[in-house]
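The sequence shown begins at 0 in numbering that gives the first Met the number 0 and counts up one residue at a time.
Backbone N, C-alpha and C define an ideal beta-carbon position, used for all residues, glycine too.
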Amino acid sequence: MNKKTQDINVSPLLHVYADKPMRRIEGLWRITSLLSAAYSKSAVGKIIVNEGFSLLEAHSGDILLLMPNNAYEVIAQKGYSKDFLRSWSKSKHNSPLLTSEVVKSKKAYYVEDTKDLDPKYVVAKEFIETTGSKSAVLLPLKINRKIIGILQFTFTEPQRFNREDKFFMDTLAYQCAQALERVMAIDDLKKYNRHLQLMNKQKDNFISMASHELKTPLTSMSVYVDVLSRQLKNENSKSVSYLGKIKTQVERLNMLVNDLLDMSRIRTGKLVLHREEIQLDKLVTSFVFDQKEIVTSHKFKVKVVPCVVVGDQLRIYQVMNNFITNAVKYSPVDSLITIKLEKDAQSAIVSITDEGAGISKSDQVNIFDRFYQVSDVQSNGTSGLGMGLFISNQIIKAHGGKVWVQSKPKKGSTFYFTIPLG
Ligand code: ADP
């Protein structure tokens with residue numbers, strides 16, 4: 000045979016020989032990229048069954064997941080009749096089938112020709128032949144040596160599997176197991192998330208119910224304390240001072256319960272604003288006047304410009320009150336608190352500056368979150384529950400304004416909020 004004849008005769012054979020591994024490698028690449036966009040078990044199953052089976056020239060098969068109740072879940076199949084699928088999906092991990100062998104041994108099982116199958120697997124032989132096949136492969140789907148399922152497929156004709164065939168099938172099973180692990184982790188996260196959302200909702204409902212329940216006895220306590228105070232007004236006994244203490248505590252409880260109710264309203268989107276035109280400079284001046292009456296531990300300075308906004312007076316008062324309460328709580332006795340009202344072209348800008356502990360940059364990002372409190376901050380008087388700034392922020396957002404803070408540790412803080420001009 001001369002060289003030319005050799006070339007003509009051998010090259011088509013070489014082409015056929017080299018073509019199969021190439022097609023398989025290309026196929027595996029395609030499967031990898033398709034799997035990366037699959038977000039459910041059935042999507043993974045379909046890709047493996049459609050792409051993988053066609054590369055193997057397999058006739059039928061399926062992907063089974065092991066369920067905790069000793070059963071299988073068929074997540075994808077190809078080439079099975081409905082009746083066959085029905086009887087097949089009822090089989091258990093411990094049925095006298097090859098699948099049970101694979102579950103037990105965690106190893107692949109190759110049936111090159113059903114006629115050579117051990118007679119103890121007569122049921123398995125029947126199953127394979129019912130699908131019109133004479134050969135089958137069962138591959139364990141493993142994650143960290145733990146078997147999670149089986150990938151199995153059948154061929155219409157008897158097969159001889161070489162090393163390269165087995166390597167390809169193992170790689171396919173590996174890809175399938177990896178993709179399933181990823182989507183099952185996503186499923187678990189989704190389930191966990193749904194569970195958390197449910198618990199969160201139950202917690203919100205509980206807080207809302209509990210604070211409504213607390214509100215009624217608190218209101219009557221407050222009324223009775225007022226009545227008693229009026230009756231004892233001219234007496235100079237210890238009872239009067241005790242009554243004063245009870246009143247302070249009842250008011251504190253009332254504020255906490257009101258904050259809890261506001262939290263529930265915000266969470267359920269039920270924070271309602273009663274908007275009206277407000278002469279904000281007057282509101283700020285009278286607010287500071289009230290504060291000077293109540294708070295004797297600090298000095299106050301106020302500076303305002305005339306300014307009209309549209310908003311809910313009580314809610315804006317509540318925000319200023321939260322900021323002042325914090326300024327008093329987190330700054331030294333006798334220090335100065337400055338309240339300013341300025342404006343630019345669009346908004347009124349209210350700022351409250353203290354000479355207190357200040358807040359680090361990392362805490363500044365979080366203080367407007369629910370229940371956030373700086374861990375090592377010193378406060379005058381009683382500590383709160385970390386609700387004030389969150390509620391204030393939400394109230395101002397509902398007005399179309401914004402809230403922010405400028406602060407340096409040990410140099411004091413300035414809290415700002417804006418309300419669009421009316
Ligand atoms: P709290 O009821 O704890 O005061 P807030 O939501 O009003 O809740 O404030 C959240 C946290 O922000 C506070 O616990 C405190 O650590 C910090 N903080 C708020 N205002 C000031 C301030 N003026 N100076 C220093 N820290 C402050």
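Does the beta carbon of Met-386 fall short of 8 Å from some heavy atom of the ligand ADP? yes
Contacts around Leu-231, its chain only, beta-carbon distance under 8 Å, and the 5 residues preceding and following it disregarded: Hits under 8 Å: Ser-238, Val-239, Leu-242.
Mind checking who Asp-61 pairs with in its DSSP beta bridge? Gln-76, Gln-151
Segment contact flag, the region 267 to 274 with the region 282 to 302, C-beta cutoff 8 Å, min 3 pairs: With the cut-off at 8 Å, the region 267 to 274 and the region 282 to 302 do not touch.
CA-to-CA distance, Leu-34 to Ala-178, given in whole angstroms: 6 Å
Count the other C-beta atoms from every protein chain shown that fall within 10 angstroms of the C-beta of Lys-3, then say buried if there are 16 or more, exposed otherwise. Note that Lys-3 has pLDDT 44, beneath the 50 cutoff, so the model's placement of it is unreliable and the number below is only indicative. Exposed is the call here.
Which residues in the same chain have their Cβ closer than 7 Å to the Cβ of Phe-52, if we skip the five residues on either side of it in sequence? Close CB contacts of Phe-52 within its chain, under the 7 Å cut and outside five residues either way in sequence, are with Gly-60, Lys-77, Phe-152 (chain order).
Distance between Asp-343 and Ala-326 (C-alpha atoms, nearest Å): 25 Å
I'd like the list of long-range same chain contacts for Ser-210, defined as Cβ closer than 6 Å, with 5 residues on each side in sequence excluded. Val-256, Leu-259, Leu-260
Residue nearest to Gln-278 in terms of C-alpha spacing, selected from Val-304, Gln-363, Glu-292: Val-304
Helix, strand or coil: how does DSSP classify Ile-358 here? coil
In terms of residues, what are the limits of the beta strand (DSSP E) holding Glu-341? The continuous beta strand (DSSP E) containing Glu-341 extends over residues 335 to 342.
Would the beta-carbon of Phe-414 be found less than 8 Å away from any heavy atom of the ligand ADP? At least one heavy atom of the ligand ADP sits closer than 8 Å to the Cβ of Phe-414.
Whole angstroms is fine: what's the gap from Ala-75's alpha carbon to Ser-361's? 50 Å
Could you check if Ile-358 belongs to the surroundings of the ligand ADP, using beta carbon to heavy atom distance under 8 Å? With a threshold of 8 Å, the Cβ atom of Ile-358 counts as near the ligand ADP, since some heavy atom of the ligand is closer than that.
What does a CB cutoff of less than 7 Å around Ile-245 pick up in its chain, not counting 5 residues either side in sequence? Val-224
Tell me, which residues are paired with Val-402 by DSSP? Here Val-402 is bridged, per DSSP, to Phe-416.
Compute the Euclidean distance between the alpha carbons of Met-254 and Glu-354, then round it to the nearest angstrom. The straight-line gap from Cα to Cα measures roughly 25 Å.
What residue range does the beta strand (DSSP E) around Gln-278 cover? It spans 275 to 278 - the beta strand (DSSP E) in which Gln-278 sits, taken as one unbroken run.
How is Ile-30 classed by DSSP in three states: helix, strand or coil? Three-state result, Ile-30: helix.
With 16 other Cβ atoms within 10 Å as the buried cut-off, status of Gly-399: The residue is exposed, with fewer than 16 neighbouring Cβ atoms inside 10 Å.
Pairwise C-alpha distance: Tyr-316 and Met-198: 33 Å
What does a CB cutoff of less than 8 Å around Glu-111 pick up in its chain, not counting 5 residues either side in sequence? Ser-134, Pro-157, Gln-158, Arg-159, Phe-160
With three or more beta-carbon pairs closer than 8 Å as the criterion, would you say the region 171 to 187 touches the region 28 to 42? yes
Val-48, DSSP secondary structure in three states: helix
Taking 8 Å as the line, does the beta carbon of Phe-389 fall inside it for any heavy atom of the ligand ADP? Taking non-hydrogen atoms of the ligand ADP into account, the C-beta of Phe-389 is found less than 8 Å away from one of them.
Considering only heavy atoms of the ligand ADP, does any lie closer than 8 Å to the CB of Val-373? yes
Go to Tyr-191, then tell me how far its beta strand (DSSP E) extends in each direction, as first and last residue. Run containing Tyr-191: none in the beta strand (DSSP E); it sits in the alpha helix (DSSP H), 162 to 230.
Endpoints, the beta strand (DSSP E) within which Thr-352 is located: 346 to 352
Neighbourhood of Val-101 by C-beta, 6 Å cutoff - its chain only, sequence neighbours within 5 removed: Correct list, in chain order: Tyr-108, Leu-137, Pro-139, Ile-149.
Taking DSSP as the reference, what is the three-state secondary structure of Phe-367? coil
Distance check for Asp-186 and Phe-389, CA to CA, integer angstroms please. 33 Å
Cβ shell of Gln-290 (< 7 Å), same chain only, five flanking positions each side left out: Phe-299, Ile-323
Between Ser-80, Phe-126, Lys-81, Leu-116, which lies nearest to Ser-94 when the distance is taken from Cα to Cα? Here the closest residue by C-alpha is Phe-126.
Closest to Ile-418 by C-alpha separation, out of Val-308, Ala-172, Met-21, would be which residue? Val-308
Give me the Cβ distance between Val-332 and Ile-394, rounded to the nearest whole Å; I'm assuming they're in contact under 8 Å. Not really, about 29 Å apart at Cβ, beyond 8 Å.
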